[in-house]
Amino acid sequence: MNAHAARIGLKRGWTELRQTATTGQDLRGYLLPTVILLFSMFMQRDSKVHGTAFSLGTMMLPGVLGLVVLWGGFLAVAQQLAVEREDGTLLRAKALPNGMPAYLIGKIVVVGGMTLISMLIILVPGLLLFPGLDFATPQSWTTLLWVAVLGMVASMPLGAIAGSFISNPRNLGLIVLPMMAVMIVSGIFFPMAVLPEWLQWIAQVFPMYWLGLGMRSALLPDSMAALEVGGSWHHLETVAVLGVWAVVGLVVAPVVLRRMARRESGSRVAARREKALQRTT
Numbered sequence: 001m002n003a004h005a006a007r008i009g010l011k012r013g014w015t016e017l018r019q020t021a022t023t024g025q026d027l028r029g030y031l032l033p034t035v036i037l038l039f040s041m042f043m044q045r046d047s048k049v050h051g052t053a054f055s056l057g058t059m060m061l062p063g064v065l066g067l068v069v070l071w072g073g074f075l076a077v078a079q080q081l082a083v084e085r086e087d088g089t090l091l092r093a094k095a096l097p098n099g100m101p102a103y104l105i106g107k108i109v110v111v112g113g114m115t116l117i118s119m120l121i122i123l124v125p126g127l128l129l130f131p132g133l134d135f136a137t138p139q140s141w142t143t144l145l146w147v148a149v150l151g152m153v154a155s156m157p158l159g160a161i162a163g164s165f166i167s168n169p170r171n172l173g174l175i176v177l178p179m180m181a182v183m184i185v186s187g188i189f190f191p192m193a194v195l196p197e198w199l200q201w202i203a204q205v206f207p208m209y210w211l212g213l214g215m216r217s218a219l220l221p222d223s224m225a226a227l228e229v230g231g232s233w234h235h236l237e238t239v240a241v242l243g244v245w246a247v248v249g250l251v252v253a254p255v256v257l258r259r260m261a262r263r264e265s266g267s268r269v270a271a272r273r274e275k276a277l278q279r280t281t
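Quick note on full-length UniProt numbering: the sequence shown kicks off at 1 and runs consecutively.
Written as structure tokens, this is what we have:
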């Protein structure tokens, strides 16, 4: 990748980000789930975490921020890749000099930007609505930042790998349903320590648990670490697990994407368009 490809990718990503932020349909796709999650937490603001006087809504907010990072990095990338394979955008990028590197940089900009906006929609009102958040120290801001960045680096390549295997955007349920199952057991909406130990071990394999844990360590008082598995925030383990997923994704994703791009052709795009037209008529 050269500097010219990077400039094109950044420009492309910024243009797409502005278009997404000003297009009603795109905004609804990104922001409606975020608003629903915020409303769900608000409805739980008077409930208490079992065995404590701490608000369940406040306990949920950091985990939901981790979910938003993973949802944006993984699912949004997979969805956009599947859609742009079908409509020929990927084929056009492949045909241009430095087209694929620029395309990928553009995706990083637009997905990262919309994920940041989604996080702010939860975090800004959350600081006002949910008592007990510990967000007044530089350490909290620093932890939130490195967890979010590492989470995006871990999740976006995985989204690209998943999207490369989905030729039809309507098949996204094949990855959404397993992701929902992992979300349920990852401690996003309640302390994972209440789950059977075998489910805890399964959840700890995936990035979602560690993103939620990292966000809770940034935003909740240290006393709440007692509710976590092992009674600790496990910062080193968070870095290690998310780092392993990031390395695996960054190694595998370019190989998978190159193979996918080589298989793209005008006839394949035309065939997918024909099938899409048949479904709408």
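Just so you know, even glycine gets a beta-carbon here, dropped at the ideal spot from N, CA and C. All values reported here derive from a predicted model rather than from experimental measurement.
Please look up how many angstroms separate the CB atoms of residue i and residue j, rounded, as I've assumed it's under 8 Å.
i           : j    : result
V147        : L211 : 7 Å
A82         : G187 : The Cβ separation is near 29 Å, so there is no contact.
P101        : A5   : 4 Å
V69         : T115 : 6 Å
V256        : I105 : Rounded, the Cβ-Cβ distance is 18 Å, inconsistent with contact.
S118        : G73  : S118 to G73, Cβ: 11 Å. No contact.
A261        : K94  : 5 Å
V176        : L91  : About 26 Å; that fails the 8 Å criterion.
L172        : V185 : Actually they are not in contact, since the Cβ atoms of L172 and V185 sit about 21 Å apart, beyond 8 Å.
residue 286 : L17  : Since the first and last residues shown for the chain are 1 and 281, residue 286 lies out of range.
Tell me which same chain residues have a C-beta within less than 7 Å of the C-beta of residue i, skipping the five on either side of it?
i    : result
P131 : S55 and T58
D134 : S140, L219, L220 and P221
I need the boundaries of the alpha helix (DSSP H) containing residue i, first residue and last residue.
i           : result
T34         : G24 to M43
residue 287 : Limits of the chain in this structure are 1 at one end and 281 at the other, which puts residue 287 out of reach.
S47         : Segment: none, S47 is in no alpha helix (DSSP H) and carries neither H nor E.
P207        : P207 to L219
T58         : L56 to L70
V176        : G173 to I184
residue 283 : Past the edges of the chain, shown from 1 to 281, lies residue 283, and the structure says nothing about it.
G243        : H235 to R263
L81         : V77 to E86
Q204        : Counting along the chain, Q204 falls outside any alpha helix (DSSP H), and DSSP gives it neither H nor E.
Return the chain-ordered list of same chain residues with a C-beta closer than 6 Å to the C-beta of residue i, the five sequence neighbours on each side being excluded.
i           : result
G66         : L211, G212 and M215
M179        : none
residue 293 : This structure does not reach residue 293, given that the chain is present from 1 up to 281, and the question cannot be answered.
S232        : A225
V241        : W210
Given a cut-off of 8 Å on the beta-carbon distance, is the pair residue i and residue j in contact?
i           : j    : result
A193        : E237 : no
F206        : V182 : yes
V247        : L150 : no
residue 288 : L219 : With the chain represented from 1 up to 281, any question about residue 288 goes unanswered, as that position is not in the structure.
T52         : I121 : no
S217        : T143 : yes
V153        : K107 : no
L10         : V109 : yes
Quick one: residues in its chain with C-beta nearer than 8 Å to the C-beta of residue i, no 5 flanking neighbours on either side, listed in chain order?
i   : result
Q44 : S55, L56, G57 and M60
L27 : T20 and A21
Using a C-beta cutoff of 8 Å, does residue i count as contacting chain D?
i    : result
A240 : Given the protein chain composition of this structure (a single chain), no chain D is represented.
Entirely enclosed alpha helix (DSSP H) segments - the region 90-164, minimum 4 residues: Within the region 90-164, the complete alpha helix (DSSP H) segments of 4 residues or longer fall at 99-129 and 138-164, listed in chain order.
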